[in-house]
Amino acid sequence: MEGRTIADTARLIREMVSEVGQRASKLVAALGPAGARLHEDLVSGLTEAIEGLAVASTDLADRSVALEESRRRYRDLFAKTPDGVLETDASGVVIEASDQAASMLGLSPAEMIGKPVTVFVSPGERSRFIRLLGKLAVSGESNRTELELHPRRGRPFLASITVAPIDAGTNRSHLLWDIRDFTDRRRLERRLAHAASHDPLTRVYNRSHFFEILEALLVRHRATDRAVAVMFIDLDRFKEVNDRFGHDVGDEMLVLVSERLVSVERRSDIVARLGGDEFVIACTDISGKTEAMALAGRVREALSLPHTVGGRTIEFGATIGVALSEPGQTAAELLQAADAAMYWGKELGRNRCEFYDEGIKERFQDRRQLREHLHEALVGGELTLVYQPLAPASGGRVCGVEALVAWDRPVRGLGPDDFIQMAERAGMVRELDGWILAQSSRAAAAWGRAGAAVDLYVNLSALQPFDAGLLRGVREAILSSGVDPRRVCLELTEGAALELVPSTVEVLEALRSDGVGLALDDFGTGYSSMSHIRELPITAIKLETSFACLVESSSRDRLIVSAITQLAGVLGITTIATGVETDGHRQAFTDLGCDLIQGPLLGPPLAAGDVALLSP
3 MEGRTIADTA RLIREMVSEV GQRASKLVAA LGPAGARLHE DLVSGLTEAI
53 EGLAVASTDL ADRSVALEES RRRYRDLFAK TPDGVLETDA SGVVIEASDQ
103 AASMLGLSPA EMIGKPVTVF VSPGERSRFI RLLGKLAVSG ESNRTELELH
153 PRRGRPFLAS ITVAPIDAGT NRSHLLWDIR DFTDRRRLER RLAHAASHDP
203 LTRVYNRSHF FEILEALLVR HRATDRAVAV MFIDLDRFKE VNDRFGHDVG
253 DEMLVLVSER LVSVERRSDI VARLGGDEFV IACTDISGKT EAMALAGRVR
303 EALSLPHTVG GRTIEFGATI GVALSEPGQT AAELLQAADA AMYWGKELGR
353 NRCEFYDEGI KERFQDRRQL REHLHEALVG GELTLVYQPL APASGGRVCG
403 VEALVAWDRP VRGLGPDDFI QMAERAGMVR ELDGWILAQS SRAAAAWGRA
453 GAAVDLYVNL SALQPFDAGL LRGVREAILS SGVDPRRVCL ELTEGAALEL
503 VPSTVEVLEA LRSDGVGLAL DDFGTGYSSM SHIRELPITA IKLETSFACL
553 VESSSRDRLI VSAITQLAGV LGITTIATGV ETDGHRQAFT DLGCDLIQGP
603 LLGPPLAAGD VALLSP
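In the working numbering, the protein residues as written are 3 to 618.
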């Protein structure tokens, strides 16, 4: 509009100059030569003035169009942005409001005009809002904050607000407000933060966040004479719950356990789940061992109560290791101490509380050192295998051998029995069993190629988990060595077998389907069940060694052995007498129906090369 007015003015000026020029011509005719010069100067000056005015009018017109376009875009942005937009004066009184801003605050745009933004701010945050306005007035820079706004109609919401001063074309500035509903995002951020710091199943703290909290607690207690106690809690036989009732029931149990831990904790205590069935509690402001153990006793009692899940009543306990913080100790070191105490409790019989002291510290330092030595022995080739013969009880050539491991280190030479016990204490059961199986399988494959028809018996540790890892390891050893799986028999102790649950029985059945034999070792140790040899997919029974000492003199033991061999015979299971030292032992076991014998009577263990020389 302004551009057209300026152009019209320029046109009118041209017409006026033209008219003036016509009149000047008449005047020139009257004035003569002097008038002609005057006319020329007048026309030239007017022409320059008009041309300058025309250029200026064109420039002003372009500027006006650009300004109008900018204003249009600003109004579109003001009206269409998904955020709420307000324009206020410096005191926060609304001058203009977008539809979205009015909707967010529960009014129409017209109703917003003239209202101070303060009326929409939560009463508890109005003082902070006023300080924000004061800061803007001083700095003149944009500022972002979060405030709870209360609409005239609708529910309060958390808003992210950015306020920026804008030049209003006068001596004072206006404020431009961008309002964004931050409620959903903040809720999401809180959920994400909770997920990052809490166990998703039990809702207690997770491992990483527990370490952060524990480190902070240790720093806080360094300047006091009080300590932080950590309880390391491991549920006893929890794997059986999963195997027997399924992982859904197991998960419910873990949730129930966490709830019980939270119910007995003090207000200042921190409960966390490390993973699996392991939990920890950090207790602050502890005076000493007595108070820490008393708290641990309360926890153990709570977990020992029957658990009802899915209509089932399940009873199990927990072993708890307790450690007190020491000056300069890290969170990892304190947790490791509690863990060591817990494992010592497991070795003493489970469902108990043990306190970490110097005795446990020395035992676990020895274990750590032994583990290092054993690892060096495995890598350095210091371990050797020898093979103890088995033969038919009625007489005949050696038909099988049991792999035994020995460690001939100059500093400490250990016999097979001592060595296995030390390896178990060092926590190297799976690693050692895997090495023995791999080495002996390669030897057995070589025997087969040499024509020696000898079965290989490999004794698995009582601490070996009967799980998918074992199945995978056995299959890899057989496949890589090329040994006939029908020549391999794995021995498991009766004590371990009595604790077997459906999932581990499935592993044994898978091994049997591969052709691998399974022998039940140390059978008849005082708590055996005759039904066990029917329920398990075993192919052989190895009688406990003490029978060899009594089978000639004790009629009771002879009856027991006879009953075992008869039941085994009906089921197609081979019976093996161990510890046989004399011909009298051999004859007694032969008379009672044993199939094979093993022991000193057959001579010392053989080297792998000597086994290869055995004739079929």
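Using N, Cα and C, we set each Cβ at its ideal position, and we do this for glycine too. It should be emphasised that the depicted structure is a prediction, and the values quoted were computed from it without experimental measurement.
Would DSSP call residue i helix, strand or coil?
i	result
E384	coil
A112	helix
T626	Because the chain spans 3 through 618 in this model, residue 626 falls outside it and cannot be assessed.
P391	strand
G398	coil
R146	strand
R182	strand
N173	In this prediction, N173 has a pLDDT of 45, which is less than 50 and means its spatial position is unreliable; what the coordinates show is noted afterwards. Residue state, collapsed to three classes: coil.
M3	Its pLDDT being 45, under 50, M3 is placed unreliably in this model, and the coordinates cannot settle the point.
D101	helix
T547	coil
L465	coil
G86	strand
L561	helix
L107	coil
L219	helix
D486	coil
L615	coil
L538	coil
Give the straight-line distance between the Cα atoms of residue i and residue j, rounded to the nearest whole angstrom.
i	j	result
F366	V230	22 Å
G453	V485	13 Å
P602	V582	6 Å
E374	G383	14 Å
L459	S515	Looking at the sequence itself, residue 459 is Tyr, so the reference to Leu does not match. About 17 Å.
D85	I132	22 Å
P202	R275	10 Å
S162	C285	39 Å
G415	E404	Confidence in G415 is poor, its pLDDT being 47 and thus under 50, which makes the residue's placement unreliable; the coordinate value appears in the next sentence. So the alpha carbons of these two residues sit roughly 21 Å apart.
I535	D597	16 Å
G605	V400	11 Å
G586	E554	7 Å
R488	Q466	22 Å
N173	R222	Summary for N173: the model assigns pLDDT 45, below 50, so the residue's position carries little reliability; its value from the coordinates is reported in the next sentence. Cα to Cα, the separation comes out at about 55 Å.
S556	R369	42 Å
A325	A298	11 Å
L594	T547	16 Å
F213	S124	38 Å
L392	A342	41 Å
A609	I438	14 Å
For residue i, which residues does DSSP report across the bridge?
i	result
W449	In the DSSP output, where bridge partners are listed per residue, W449 has none listed.
P118	V95
E404	Q390 and Y459
C491	Y459 and G519
F212	F212 pairs with nothing; no bridge assigned.
V123	L151
Q600	L392
I578	K544 and L598
H200	Y207
A166	L178
A161	L149 and D183
L608	Y389
F131	Paired residue(s): none; F131 is not in a bridge.
Measure the beta-carbon distance from residue i to residue j and round it to whole angstroms, keeping in mind my assumption that it falls under 8 Å.
i	j	result
I181	M106	6 Å
R209	G277	6 Å
G397	Y358	57 Å between Cβ atoms; not a contact.
L406	V388	5 Å
L350	V232	Contact doesn't hold; Cβ gap of about 19 Å is too wide.
Y207	I283	That belief does not hold up - the Cβ atoms of Y207 and I283 are roughly 10 Å apart, past 8 Å.
L522	L492	Not confirmed; about 10 Å, so no contact.
L538	L510	7 Å
V264	L305	So it is not a contact: roughly 12 Å between Cβ atoms.
Q390	L220	Q390 to L220, Cβ: 53 Å. No contact.
V251	V243	6 Å
With a threshold of 8 Å between beta carbons, is residue i in contact with chain C?
i	result
A425	You won't find chain C in this structure, because it holds only one protein chain.
With a floor of 3 residues, list each beta strand (DSSP E) that falls wholly inside the segment 300-369, ordered by position along the chain. If we require 3 residues or more, the beta strand (DSSP E) runs fully inside the segment 300-369 come out as 309-311, 314-316, 320-326 and 355-357.
Which ranges would you report for the alpha helix (DSSP H) in the segment 221-303 if only whole runs of at least 4 residues count? The qualifying runs are 240-247 and 249-266.
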